[in-house]
Every structure is written in structure tokens, then in C-alpha cells.
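Asks:
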């Protein structure tokens, strides 16, 4: 049976930054898609939820 290999961390600041970065995700969206983000029937009234375009919903499902 093999024993587990233990690693000694020598650079704690770099290790901590790597742990923080590990959970991040970058999403690139084209400008044209941002212009069509909300539905054309979107009205800005208080208390009403936002209405998104079909393109925005399809992009989020991919």
C-alpha cells in the first residue's frame, strides 16, 4: 500500500491567491449581445422583474 505524499507549501501568499482564483470564472460577451440583453418589451417600472431577451436566455443555457 502506498503512503500519501505530503507537500510543504513554501510560498503561502502565492498559494492563497491560487486558492482564491480557483473558484473564479470569466465570461466574455460581445457588445452586440449586451445591446440585446433585455427584451424589447422591457419596461422600467418599480417592483416588476426584468424581462430578458431570448438570446440572453440561450446564452446563459450554453
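In the numbering used here, the protein residues as written are 902 to 963.
Cβ atoms here follow ideal geometry from the backbone N, Cα and C, with glycine treated the same way.
So for residue 939, helix, strand or coil by DSSP?
Replies: Looking up residue 939 in the chain shown gives position 38. If DSSP states are grouped into helix, strand and coil, residue 939 belongs with the strands.
Asks: Keeping to the same chain, check which residues put their C-beta closer than 8 Å to that of residue 909; ignore five residues upstream and five downstream.
Replies: Translated into positions along the chain shown, residue 909 becomes position 8. Contacts found: none.
Asks: Flag residue 908 as yes when its Cβ comes closer than 7 Å to any non-hydrogen atom of the ligand NAD, and as no otherwise.
Replies: Looking for the ligand NAD in the displayed structure turns up nothing, as the structure carries no ligands at all.
Asks: Is the beta carbon of residue 956 closer than 8 Å to that of residue 934?
Replies: Here residue 934 corresponds to residue number 33 of the chain shown, with the count starting at 1. Here residue 956 corresponds to residue number 55 of the chain shown, with the count starting at 1. Yes, the Cβ-Cβ distance between residue 934 and residue 956 is below 8 Å.
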